[in-house]
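First the structure, in the form of structure tokens, and then the observations on it.
2 protein chains.
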Amino acid sequence: MSNIETRMSNWLKENRARGARLLQILVQENSTRGNESGAQAIIIEKCRQLGLTLDIWEIGGEELKKHPAFCCDRNDFEGNPNLVAVLKGAGGGKSIILNGHIDVVPVGDELNWNQDPFSGHIECGRLYGRGATDMKGGTVAMLLAIESIIATGTKLNGDIIFQSVIEEESGGAGTLAAVLRGYKADGAIIPEPTNMKIFPKQQGSMWFRITVKGKAAHGGTRYEGISAIEKSQLVFERLQQLEKDRNAKITDPLYDQIPIPIPINIGKITSGQWPSSVPDTAIIEGRMGVAPEETIEHAKRDMENCLKDLCREDAWLSEHPLKIEWFGGRWLPGSLNDDHMLIKELSESYLEIKGETPIIEASPWGTDGGILSTVGGTPVVVFGPGTTEIAHDANEYIILEEMFAASEIIARTLIRWCGVQKE
Amino acid sequence: MSNIETRMSNWLKENRARGARLLQILVQENSTRGNESGAQAIIIEKCRQLGLTLDIWEIGGEELKKHPAFCCDRNDFEGNPNLVAVLKGAGGGKSIILNGHIDVVPVGDELNWNQDPFSGHIECGRLYGRGATDMKGGTVAMLLAIESIIATGTKLNGDIIFQSVIEEESGGAGTLAAVLRGYKADGAIIPEPTNMKIFPKQQGSMWFRITVKGKAAHGGTRYEGISAIEKSQLVFERLQQLEKDRNAKITDPLYDQIPIPIPINIGKITSGQWPSSVPDTAIIEGRMGVAPEETIEHAKRDMENCLKDLCREDAWLSEHPLKIEWFGGRWLPGSLNDDHMLIKELSESYLEIKGETPIIEASPWGTDGGILSTVGGTPVVVFGPGTTEIAHDANEYIILEEMFAASEIIARTLIRWCGVQKE
């Protein structure tokens, strides 16, 4: 271990309490969509203290909104800025983007939480709260890595471009805005919760909304109506079959350990207004996974054809066809060869810190990496602490030990990737 | 045809336009739950003009709310009164309650309506709008019948007790309040939309709410969660089977022509908050039919046992059992022998006016008749214009011709039942 690596490693060990505290106050700031400013302010202040060059702006404008990859149903970004904070290198090294999102998903049914969803409570080495895993823990890991470089007086050749963006959970408008603002690099790490696995390939995904029409009637003579809920059951069955068919075609060994490589998730259904009426409309919303080498358009056609088949075969639906909309979130798929230098250097750092070779898999979900790579032309690897089992769930938490390990692995990768000036 | 009957018949023919106009302004007053006052005011004014003895009051109070048949989730009845208007007889005749409800169900998806749901538009002999059939048309038929008696100078022996109540669509608190206020009679007609069939037996019904628990997860790793929507599909299947089993036991010939005598209607489902999360909770609401001779308690046990079986057989549900609540609306079943004098006199009047024998069936839905008969001890027959196919549906309408026919049949039944003083 080099002198620099030792110093950074020591600094990270000595500053764990501060790291945990930073994550705690970040989790305590509810940053669900439209409420990102409080948590973002904490990160801005941290970057200011680190002496980074700050670029804080509210996203929007014609170029963003007319971009083909823009996919967003939010009109107002006012007061909830994006942040890019740059640690400028001396030159001659490779640059890297460290990208994290500040937005978190809603808490779900609060009754399922054992504590306030924004408690930031620490117990048995775990820090609890919405966003702890997805992905404020990853963001803190990046900030600690940067601080360990600065605090130890390490001078890099390449630039570190730290990004804290909004809107990842709803389709990546924040990262797209950063790309369009000109932020590109020779590589990027996104510390989404991969459970410390390295993901060179990322699934794309997009949201869909299916509207099912029925025919209202009094519940006492329900046979005179057509229940939109009953017709929705047919839709569920078809989508389950489509998911099976699509996944049967996935042969990439990176997906070997993943039960459903590209899932179709039904996230929401709303139907009916009155218990004793037959419901005349059902709205189904969900998320469709897109394979790393597939296009968004191909996946859309798969679902549209599947639902057209259903409509053809059902007498009612053939006259009252299902309506499908692609709305809200959309994440482009992304793919990096697993012999890319960034994967290699990250894997070596992992081996040194953890004492074992990392697991390399394909991501089961979309990230902003699709935009960074496809639109921004920046090679992306996704690697971070926390597990997806608990992201988006009640009692979300992160194991702090993992966050610190990720931080050290990222720090070591940074000095390799960007290069260090001779002392 | 007696002199009186001829005069009443002529009066009704001559006053059809006024009757249609009264229904029109009633339909134009949206009287969904909590908004009953405007339509009720029109009826109050009509009864005042007819010289009836008015009893207008806001329901509520301990006696009502603690009554075992009270079943209501509404706290505030202020400003939306009940009305009872009495045409006092000379004495010595049988009394009769004419009961109609002023509340209407919500309009559903407005896009399914060809016109404003409260238009009162008349075209090709049909009057359109929410409540036209269920049951402002029936109420106007009763008011015209009463007016034809008054306008022709006919003096009855028995009392006519006209009731315009709130809350029928949500469990009958309005009629229960009228019963507890002391209104009972030797018989009652409720002109709910029976499509001019005579219903001596009425199905009871009640609302249920089933809460299904799942386990949230990120949609990209949906196999790590348990979808409350998928578990709801199991509930749907079981309830469909339960409906089949319960209806297989119905042997009453009055139900011979009814496809599903006592339906279980799923009226509503709400699940999930986010397209790309696995939903952790689903709320299912619906209406369960109760056979005329069955008790509410027996039907409840049927469903509770059915869902308990499901929970026993499903690994997840056995640890996260379904929660079932009986909430909101509940209508007691009711049953009258079909040789009851009220059925006979109504049938004779029907035969005279329509020139054919009426169809006698059991009602496929609950009405306030259950409360009138079970709590109030008043024999009830349900008979009225309009069809349940279009009650609670978009583009609800009533055929005005049927409303006028019902009015004349009711008027003729009234003079037979109550008796007429010699001229």
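From first to last, the protein sequence lines stand for chains C and G. Sequential numbering of the first sequence, starting at 1, is according to the working numbering. Sequential numbering of the second sequence, starting at 1001, is according to the working numbering. Glycine included, each C-beta is placed from N, C-alpha and C at the ideal position. Quick caveat: nothing in here was measured; it's all calculated off a predicted structure.
Taking residue i as the query, report the chain C residues whose CB atoms sit under 7 Å from its CB, ordered along the chain.
i                       : result
residue 1109 of chain G : 280, 281
residue 1391 of chain G : 218
residue 1265 of chain G : 219, 222, 276, 278
Look at the alpha carbon of residue i and the alpha carbon of residue j, and state the distance between them as a whole number of angstroms.
i                       : j                       : result
residue 322 of chain C  : residue 1107 of chain G : 22 Å
residue 259 of chain C  : residue 139 of chain C  : 28 Å
residue 89 of chain C   : residue 2 of chain C    : 20 Å
residue 1411 of chain G : residue 1143 of chain G : 10 Å
residue 289 of chain C  : residue 1230 of chain G : 18 Å
residue 111 of chain C  : residue 1268 of chain G : 22 Å
residue 398 of chain C  : residue 388 of chain C  : 11 Å
residue 1092 of chain G : residue 1154 of chain G : 15 Å
residue 1141 of chain G : residue 222 of chain C  : 26 Å
residue 332 of chain C  : residue 326 of chain C  : 14 Å
residue 1033 of chain G : residue 1103 of chain G : 6 Å
residue 234 of chain C  : residue 1264 of chain G : 19 Å
residue 1261 of chain G : residue 220 of chain C  : 8 Å
residue 171 of chain C  : residue 73 of chain C   : 9 Å
residue 1156 of chain G : residue 1077 of chain G : 34 Å
residue 197 of chain C  : residue 237 of chain C  : 33 Å
residue 1008 of chain G : residue 1048 of chain G : 21 Å
residue 1173 of chain G : residue 1195 of chain G : 25 Å
residue 1369 of chain G : residue 283 of chain C  : 36 Å
residue 354 of chain C  : residue 407 of chain C  : 12 Å
Which residues of chain C have a Cβ atom closer than 8 Å to the Cβ of residue i, listed in chain order?
i                       : result
residue 1329 of chain G : 275, 276
residue 1224 of chain G : 388, 389
Anything in chain G within Cβ reach of residue i, meaning under 8 Å, just list it in chain order.
i                      : result
residue 287 of chain C : 1219, 1220, 1275, 1276
residue 233 of chain C : 1233, 1236
residue 207 of chain C : 1275, 1276
Which bits of chain G does residue i rub up against, with CB to CB less than 7 Å?
i                      : result
residue 269 of chain C : 1229, 1269, 1271, 1272
Leaving aside the five residues before and after residue i along the sequence, list all residues of the same chain whose C-beta is less than 8 Å from its C-beta, in chain order.
i                       : result
residue 1063 of chain G : 1180
residue 1150 of chain G : 1050, 1051, 1087
residue 1345 of chain G : 1413, 1416, 1417
residue 296 of chain C  : 204, 206, 290, 330, 332, 333
residue 1079 of chain G : 1037, 1058
residue 339 of chain C  : none
How would you list, in chain order, the residues of chain G whose beta-carbon sits under 9 Å from the beta-carbon of residue i?
i                      : result
residue 106 of chain C : 1273, 1274, 1277
residue 113 of chain C : Ordered by position in chain G, no residue passes the 9 Å Cβ test against residue 113 of chain C, which lies about 11 Å from the chain.
residue 203 of chain C : 1220
residue 394 of chain C : 1215, 1216, 1280
Counting only the same chain and skipping the five closest in sequence on each side, list residues whose C-beta sits under 6 Å from that of residue i.
i                       : result
residue 363 of chain C  : 199, 202, 203, 382
residue 373 of chain C  : 334, 380
residue 1131 of chain G : 1027, 1104
residue 209 of chain C  : 285, 325, 327
residue 95 of chain C   : 158, 159, 185, 186
residue 1029 of chain G : 1038, 1039
residue 367 of chain C  : 190, 192, 202, 382
Does the CB of residue i have a neighbour CB from chain B at under 7 Å?
i                      : result
residue 261 of chain C : In the displayed structure, chain B is absent; the protein chains listed are C and G.
Can you list the residues of chain C that residue i reaches, using a CB-CB cut of under 9 Å?
i                       : result
residue 1365 of chain G : 218, 219, 220, 221, 276
Give every residue of the same chain whose Cβ lies closer than 7 Å to the Cβ of residue i, excluding the five residues on either side of it in the sequence, and list them in chain order.
i                       : result
residue 1164 of chain G : 1040, 1043, 1083, 1100, 1102, 1139
residue 16 of chain C   : 404
residue 395 of chain C  : 113, 114, 128
residue 430 of chain C  : The requested residue 430 of chain C is not part of the displayed model; chain C covers only 1 to 423.
**OP:** Indicate whether the contact test is met: 3 or more Cβ pairs, each with one atom in the segment 221–230 of chain C and one in the segment 375–387 of chain C, closer than 8 Å.
**Re:** no
**OP:** Taking only runs that begin and end inside the segment 1207–1270 of chain G, name each unbroken alpha helix (DSSP H) of 4 or more residues, in chain order.
**Re:** 1228–1248, all fully within the segment 1207–1270 of chain G.
Original post:
For the segment 1132–1168 of chain G, which segments carrying the alpha helix (DSSP H) assignment without a break, of at least 4 residues, lie completely within its bounds, in sequence order?
Top reply: 1137–1151
Original post:
Could you give the uninterrupted runs of the beta strand (DSSP E) lying entirely in the segment 4–56 of chain C, keeping only those of 3 residues or more?
Top reply: none
**OP:** Kindly confirm or deny that the segment 287–303 of chain C and the segment 40–53 of chain C touch, where touching means at least three C-beta pairs closer than 8 Å.
**Re:** The way I'd put it, the segment 287–303 of chain C doesn't touch the segment 40–53 of chain C; fewer than three beta-carbon pairs between them come closer than 8 Å.
Original post:
Is the number of C-beta pairs between the segment 1048–1057 of chain G and the segment 1072–1088 of chain G that are closer than 8 Å three or more?
Top reply: yes
**OP:** Decide if the segment 1261–1280 of chain G is in contact with the segment 1202–1220 of chain G; the criterion is three or more beta carbon pairs, one per stretch, under 8 Å apart.
**Re:** yes
Original post:
Do the segment 1234–1246 of chain G and the segment 1333–1352 of chain G make contact, defined as three or more Cβ pairs closer than 8 Å?
Top reply: no
Subject >> 3 or more residues per run - each beta strand (DSSP E) lying fully within the segment 1264–1311 of chain G >> reply: As far as the segment 1264–1311 of chain G is concerned, its whole beta strand (DSSP E) runs of at least 3 residues are 1264–1271, 1281–1290.
**OP:** Indicate whether the contact test is met: 3 or more Cβ pairs, each with one atom in the segment 118–128 of chain C and one in the segment 176–192 of chain C, closer than 8 Å.
**Re:** no
Original post:
Along the chain, which unbroken stretches of the beta strand (DSSP E) at least 3 residues long are found entirely within the segment 1313–1390 of chain G?
Top reply: 1323–1331, 1360–1363, 1380–1383
**OP:** May I have a chain-ordered list of the alpha helix (DSSP H) segments no shorter than 4 residues that lie completely inside the segment 1065–1094 of chain G?
**Re:** Whole alpha helix (DSSP H) segments, 4+ residues: zero.
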